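Number of protein chains: 2
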Amino acid sequence: MTLYVNLAELLGSRIENGFYRPGDRLPSVRALSVEHGVSLSTVQQAYRVLEDNGLAAPKPKSGYFVSVSRKAPALPAVGRPVQRPVDISQWDQVLDLIRVAPLEAVTQLGRGMPDVTSPTLKPLMRALSQLSRHQDMPGLYYDNIYGVRRLREQIARLMLDSGCNLTANDLIITNGCHEALSASVRAICSPGDIVAVDSPSFFGAMQTLKGVGMKAMEIPTDPLTGISLEALELALEQWPIKVIQLTPNCNNPLGYVMPEARKRALLTLAQRFDVAIIEDDVYGDLAYNYPRPRTIKSFDEDGRVLLCSSFSKTLAPGLRIGWVAPGRYLEQVLHMKYIGTGSTAPQPQLAIADFIEGGHYEPHVRRMRTQYQRSRDQMIDWVMRYFPEGTRASRPQGGFMLWVELSEGFDTLRLNRALLGKGVQIAVGSIFSASGKYRNCMRMNFATKSSREIESAVRIVGETIALLNAQTD
Amino acid sequence: MTLYVNLAELLGSRIENGFYRPGDRLPSVRALSVEHGVSLSTVQQAYRVLEDNGLAAPKPKSGYFVSVSRKAPALPAVGRPVQRPVDISQWDQVLDLIRVAPLEAVTQLGRGMPDVTSPTLKPLMRALSQLSRHQDMPGLYYDNIYGVRRLREQIARLMLDSGCNLTANDLIITNGCHEALSASVRAICSPGDIVAVDSPSFFGAMQTLKGVGMKAMEIPTDPLTGISLEALELALEQWPIKVIQLTPNCNNPLGYVMPEARKRALLTLAQRFDVAIIEDDVYGDLAYNYPRPRTIKSFDEDGRVLLCSSFSKTLAPGLRIGWVAPGRYLEQVLHMKYIGTGSTAPQPQLAIADFIEGGHYEPHVRRMRTQYQRSRDQMIDWVMRYFPEGTRASRPQGGFMLWVELSEGFDTLRLNRALLGKGVQIAVGSIFSASGKYRNCMRMNFATKSSREIESAVRIVGETIALLNAQTD
Numbered sequence: 001m002t003l004y005v006n007l008a009e010l011l012g013s014r015i016e017n018g019f020y021r022p023g024d025r026l027p028s029v030r031a032l033s034v035e036h037g038v039s040l041s042t043v044q045q046a047y048r049v050l051e052d053n054g055l056a057a058p059k060p061k062s063g064y065f066v067s068v069s070r071k072a073p074a075l076p077a078v079g080r081p082v083q084r085p086v087d088i089s090q091w092d093q094v095l096d097l098i099r100v101a102p103l104e105a106v107t108q109l110g111r112g113m114p115d116v117t118s119p120t121l122k123p124l125m126r127a128l129s130q131l132s133r134h135q136d137m138p139g140l141y142y143d144n145i146y147g148v149r150r151l152r153e154q155i156a157r158l159m160l161d162s163g164c165n166l167t168a169n170d171l172i173i174t175n176g177c178h179e180a181l182s183a184s185v186r187a188i189c190s191p192g193d194i195v196a197v198d199s200p201s202f203f204g205a206m207q208t209l210k211g212v213g214m215k216a217m218e219i220p221t222d223p224l225t226g227i228s229l230e231a232l233e234l235a236l237e238q239w240p241i242k243v244i245q246l247t248p249n250c251n252n253p254l255g256y257v258m259p260e261a262r263k264r265a266l267l268t269l270a271q272r273f274d275v276a277i278i279e280d281d282v283y284g285d286l287a288y289n290y291p292r293p294r295t296i297k298s299f300d301e302d303g304r305v306l307l308c309s310s311f312s313k314t315l316a317p318g319l320r321i322g323w324v325a326p327g328r329y330l331e332q333v334l335h336m337k338y339i340g341t342g343s344t345a346p347q348p349q350l351a352i353a354d355f356i357e358g359g360h361y362e363p364h365v366r367r368m369r370t371q372y373q374r375s376r377d378q379m380i381d382w383v384m385r386y387f388p389e390g391t392r393a394s395r396p397q398g399g400f401m402l403w404v405e406l407s408e409g410f411d412t413l414r415l416n417r418a419l420l421g422k423g424v425q426i427a428v429g430s431i432f433s434a435s436g437k438y439r440n441c442m443r444m445n446f447a448t449k450s451s452r453e454i455e456s457a458v459r460i461v462g463e464t465i466a467l468l469n470a471q472t473d
Numbered sequence: 001m002t003l004y005v006n007l008a009e010l011l012g013s014r015i016e017n018g019f020y021r022p023g024d025r026l027p028s029v030r031a032l033s034v035e036h037g038v039s040l041s042t043v044q045q046a047y048r049v050l051e052d053n054g055l056a057a058p059k060p061k062s063g064y065f066v067s068v069s070r071k072a073p074a075l076p077a078v079g080r081p082v083q084r085p086v087d088i089s090q091w092d093q094v095l096d097l098i099r100v101a102p103l104e105a106v107t108q109l110g111r112g113m114p115d116v117t118s119p120t121l122k123p124l125m126r127a128l129s130q131l132s133r134h135q136d137m138p139g140l141y142y143d144n145i146y147g148v149r150r151l152r153e154q155i156a157r158l159m160l161d162s163g164c165n166l167t168a169n170d171l172i173i174t175n176g177c178h179e180a181l182s183a184s185v186r187a188i189c190s191p192g193d194i195v196a197v198d199s200p201s202f203f204g205a206m207q208t209l210k211g212v213g214m215k216a217m218e219i220p221t222d223p224l225t226g227i228s229l230e231a232l233e234l235a236l237e238q239w240p241i242k243v244i245q246l247t248p249n250c251n252n253p254l255g256y257v258m259p260e261a262r263k264r265a266l267l268t269l270a271q272r273f274d275v276a277i278i279e280d281d282v283y284g285d286l287a288y289n290y291p292r293p294r295t296i297k298s299f300d301e302d303g304r305v306l307l308c309s310s311f312s313k314t315l316a317p318g319l320r321i322g323w324v325a326p327g328r329y330l331e332q333v334l335h336m337k338y339i340g341t342g343s344t345a346p347q348p349q350l351a352i353a354d355f356i357e358g359g360h361y362e363p364h365v366r367r368m369r370t371q372y373q374r375s376r377d378q379m380i381d382w383v384m385r386y387f388p389e390g391t392r393a394s395r396p397q398g399g400f401m402l403w404v405e406l407s408e409g410f411d412t413l414r415l416n417r418a419l420l421g422k423g424v425q426i427a428v429g430s431i432f433s434a435s436g437k438y439r440n441c442m443r444m445n446f447a448t449k450s451s452r453e454i455e456s457a458v459r460i461v462g463e464t465i466a467l468l469n470a471q472t473d
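Okay, structure coming up:
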């Protein structure tokens with residue numbers, strides 16, 4: 001593991017164990033540099049990780065202090081997935097989650113649904129409505145297969161924030177990030193190929209691999225810094241891996257932002273073993289820290305990174321508008337996109353282009369980032385209040401998902417069944433593993449503004465866990 | 001070939017050769033029955049084929065007469081595709097066709113675009129616009145993966161017209177018919193599998209096969225009665241064919257409606273060899289004769305037919321709303337649909353459901369059928385006027401596509417290049433064959449109401465053909 005990550009973890013565990021207390025001044029950069037025999041910049045990087053994770057905060061000219069913020073639960077353990085490529089299972093569990101219709105009388109803590117009730121979205125509704133008023137609306141026609149050019153231009157502009165210097169011609173519009181991922185996988189892989197994935201990993205992306213008959217090689221992933229580069233390197237040495245597929249920014253489900261140095265190191269690995277990277281950046285614009293984190297794509301020099309994203313998390317998933325920047329694989333991805341669905345509906349594309357051109361995107365995303373960060377803190381508080389002691393939880397740096405780890409042996413599949421009659425649904429942990437690991441984990445959505453209804457749902461989940469624990473004892 | 005088809009062809013060729021003249025009374029059913037040693041019902045079936053093709057018309061109590069309608073060009077020859085499974089090529093040519101953006105200063109005779117300017121579509125615009133006015137619009141949310149239930153219920157009702165007795169639960173909504181086809185193929189086939197297709201065949205469906213690494217076995221297809229059952233039977237005997245994929249109603253590109261008896265016979269063949277049928281019915285509601293023709297699916301008893309369709313030809317392609325009735329393959333198709341794109345955008349689904357529930361669908365389709373039939377006659381007239389003598393053309397029984405066959409050796413790829421600077425585009429014939437056959441053919445769209453602009457475009461195509469012929473001579 002890199003030196004600064006090591007150091008950040010050491011300091012982090014000292015803070016979490018109460019060795020340093022909230023408000024305490026932390027050792028100076030110089031002192032730590034001497035104590036651990038590392039460079040000043042290594043210490044600074046370590047502090048930045050602590051800062052990103054809300055454990056420490058700098059005070060001008062006084063050094064770093066332990067955040068006085070609320071106490072946080074312990075982090076989930078690093079996963080121990082099977083150390084070989086496996087077939088992807090779990091479709092039945094995924095289906096259970098996604099076949100539920102929206103707005104039913106169930107508090108959906110399981111779905112990847114953002115909050116779409118913010119007034120900052122109003123100009124988007126207006127654009128959608130106005131576009132439909134005239135019969136010569138371009139929304140009725142086939143668009144060209146790359147997607148609406150005006151939208152691609154705006155996306156290219158937005159992507160500058162993540163360090164990507166692209167033009168409209170580098171982009172293909174898709175039916176959500178889902179199609180971006182599946183067209184990318186199909187463009188590169190053949191059945192039987194092995195794909196390295198972070199673990200836990202977004203179940204939709206994994207099912208996409210399954211659909212092409214591919215095997216997943218799950219790589220252990222740290223809940224603060226992301227996929228283990230050491231384990232990945234080992235896997236690349238041992239297996240003919242074709243692609244690395246991961247979500248480095250505001251990871252789903254763990255919420256971490258992979259440090260920049262590790263992103264670069266991962267790209268170097270990919271170059272050394274000549275594999276492609278499918279990078280899912282769908283939550284990237286929702287990182288709590290500004291400016292938003294860079295993508296791996298932004299460091300890519302030989303076009304091996306296929307960046308997949310969408311407006312499903314930043315605006316609204318029902319629009320089904322995503323995109324892919326496929327680098328050197330553009331022609332193949334275009335073909336796979338055509339094969340899958342032909343072209344993409346123009347009306348929502350035009351409405352989103354209007355929305356961004358009108359200057360409404362940035363204020364909206366800014367507002368959502370603040371809201372989500374606040375609800376994260378609230379959700380963590382509730383989990384600590386209502387869930388059994390010893391419950392572990394992620395410390396999301398962006399997005400609106402919390403990963404919760406219960407005691408070993410607990411079965412969230414059983415939990416979800418028990419919750420069925422109580423009007424709450426969570427996402428069971430096992431769908432985030434190709435081989436059904438993480439049965440004692442679950443993912444909870446905190447996008448909705450904190451409310452009594454959400455609090456009550458979290459309480460019900462906590463009580464049901466306690467009930468199941470009591471039954472087992 | 002079936003007896004009645006034989007007889008219909010004989011009578012048809014006599015009409016076309018001028019043996020029977022427009023307005024002539026044709027031999028009585030009884031006389032033909034005796035002359036050819038076939039049953040009365042066989043003769044009646046033959047006359048129905050002639051009627052469907054506009055060659056003959058019954059007068060009450062007086063028998064059949066040669067239609068006084070305009071003279072028609074000779075039919076295209078039955079194709080002679082390669083008699084073995086082949087890899088699908090032609091992607092570059094398809095890309096040339098589809099990468100053109102709509103509404104550019106080119107008369108698009110090549111695209112599969114319906115006329116979307118009819119005032120009968122106005123309630124659809126209204127629905128789309130109204131749905132977007134409220135922020136709690138369900139269009140922003142993920143829908144359940146099967147698609148909006150209200151729309152599925154309406155589609156099931158509409159499908160009664162084609163003889164299908166289905167419920168909402170038998171249907172999955174897709175991103176256009178394109179996704180219905182690709183999810184169906186993926187649900188059934190593995191790479192290397194062989195699929196029998198009509199020939200010429202819709203290029204989009206064929207590229208879909210290519211995307212899954214499948215081989216196409218092109219079956220000779222009659223321009224009046226569809227896929228040759230004899231050739232198909234032979235192919236089924238010789239090759240391990242997995243699926244038959246075809247468009248029996250208002251075929252794209254040939255425009256025929258496969259006679260009902262042949263649909264039944266095809267299903268029997270599929271049962272005997274235990275293969276699935278992917279039936280594309282996307283133009284079915286646009287058959288000129290009322291009631292609309294039945295689907296093969298309507299005769300299906302053991303769920304082996306996957307019916308794929310959409311609103312792209314009846315309403316507007318830009319909505320990207322299609323569906324599939326996958327029979328016994330429902331679970332697999334659902335999985336493949338999820339893998340490809342997740343769920344489908346709810347807003348256009350809800351708008352279409354409103355449109356159908358409001359009673360606007362039937363009047364709209366009725367109007368379009370009449371318009372398309374009229375423009376077909378006009379387009380055929382123009383082709384006869386402006387194209388070189390000896391030009392052959394299909395006799396579409398529905399939809400808005402004309403298939404034109406030029407003299408052997410003519411190259412429509414060259415034609416399209418020559419047309420590039422003249423503001424007209426046609427669809428080259430070679431993309432309708434897996435192996436690049438039909439280079440001397442092309443498909444022309446007659447959806448737009450006859451206008452000077454269209455006439456001028458057809459004239460330019462005719463003149464350019466003459467020019468190229470002169471260069472070759």
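So the protein lines, in turn, are chains A and B. Heads up: the first sequence runs through residues 1 to 473, numbered per UniProt numbering. Heads up: the second sequence runs through residues 1 to 473, numbered per UniProt numbering. Glycine residues also receive a C-beta, built at the ideal position from the N, C-alpha and C atoms. Bear in mind the structure is a predicted one, so any value in this text is a computation, not a measurement.
At 7 Å on the CB atoms, spell out the chain B contacts of residue i, in chain order.
| i | result |
| --- | --- |
| Tyr179(A) | What sits at residue 179(A) in the sequence shown is Glu, not Tyr. Those within 7 Å of Glu179(A) in chain B are Gly340, Thr341. |
| Tyr142(A) | Pro102, Arg111, Met113, Pro317, Gly318 |
| Thr167(A) | Those do not exist, as Thr167(A) stays about 17 Å from chain B at its closest Cβ, beyond 7 Å. |
| Asn175(A) | Asn175, Thr341 |
| Gly204(A) | Gly342 |
| residue 475(A) | In the structure as shown, chain A begins at 1 and stops at 473. Residue 475(A) is therefore absent and cannot be evaluated. |
Return the first residue and the last residue of the alpha helix (DSSP H) that residue i is part of.
| i | result |
| --- | --- |
| Thr464(A) | 452-472 |
| Phe355(B) | 346-357 |
| Ser33(B) | 29-36 |
| Glu237(A) | 229-238 |
If you draw a straight line from the C-alpha of residue i to the C-alpha of residue j, how long is it?
| i | j | result |
| --- | --- | --- |
| Phe311(A) | Asp136(B) | 18 Å |
| Met214(B) | Pro326(B) | 20 Å |
| Leu224(B) | Glu51(B) | 11 Å |
| Ala287(B) | Lys263(B) | 16 Å |
| Arg21(B) | Gly63(B) | 15 Å |
| Phe387(A) | Val43(A) | 35 Å |
Could you give the residue range of the beta strand (DSSP E) that holds residue i?
| i | result |
| --- | --- |
| Asn416(B) | It is not in any beta strand (DSSP E) - Asn416(B) instead sits in the alpha helix (DSSP H) that spans 412-420. |
| Thr221(B) | 215-222 |
| Gln245(B) | 241-246 |
Could you work out which residues of chain A lie near residue i, taking near to mean beta carbons separated by less than 9 Å?
| i | result |
| --- | --- |
| Met336(B) | Gly211 |
List, in chain order, every chain B residue whose beta-carbon is nearer than 8 Å to that of residue i.
| i | result |
| --- | --- |
| Trp91(A) | His335 |
| Arg186(A) | Gly211 |
Go ahead and label residue i buried or exposed: buried means 16 or more other beta carbons lie within 10 angstroms of its beta carbon, across all protein chains shown.
| i | result |
| --- | --- |
| His134(B) | exposed |
| Asn169(A) | exposed |
| Asn289(B) | exposed |
| Gln238(A) | exposed |
For residue i, go through chain A and note every residue whose CB falls closer than 8 Å to its CB, in chain order.
| i | result |
| --- | --- |
| Ala216(B) | Here the premise fails: no neighbours, minimum Cβ distance about 14 Å. |
So that I know if they touch, is there some Cβ in chain E lying closer than 9 Å to that of residue i?
| i | result |
| --- | --- |
| Ala345(A) | In the structure shown, chain E does not exist; the protein chains are A and B. |
Note down, in chain order, every chain A residue with its Cβ under 7 Å from the Cβ of residue i.
| i | result |
| --- | --- |
| Leu415(B) | What Leu415(B) touches in chain A: nothing, since even the nearest Cβ is about 22 Å away. |
In chain B, which residues lie less than 9 Å from residue i when you measure between Cβ atoms?
| i | result |
| --- | --- |
| Gln207(A) | His335, Tyr338, Ile339 |
Legend entry - Continuous alpha helix (DSSP H) assignments of at least 4 residues falling wholly in the segment 105-176 of chain A: 122-131, 149-159
Legend entry - Minimum length 3: unbroken beta strand (DSSP E) runs contained in the segment 178-211 of chain A: 194-199
Inset, instruction - Kindly provide the ranges of any beta strand (DSSP E) runs that are 3 or more residues long and lie completely inside the segment 256-303 of chain A, ordered along the chain. - result: 276-280
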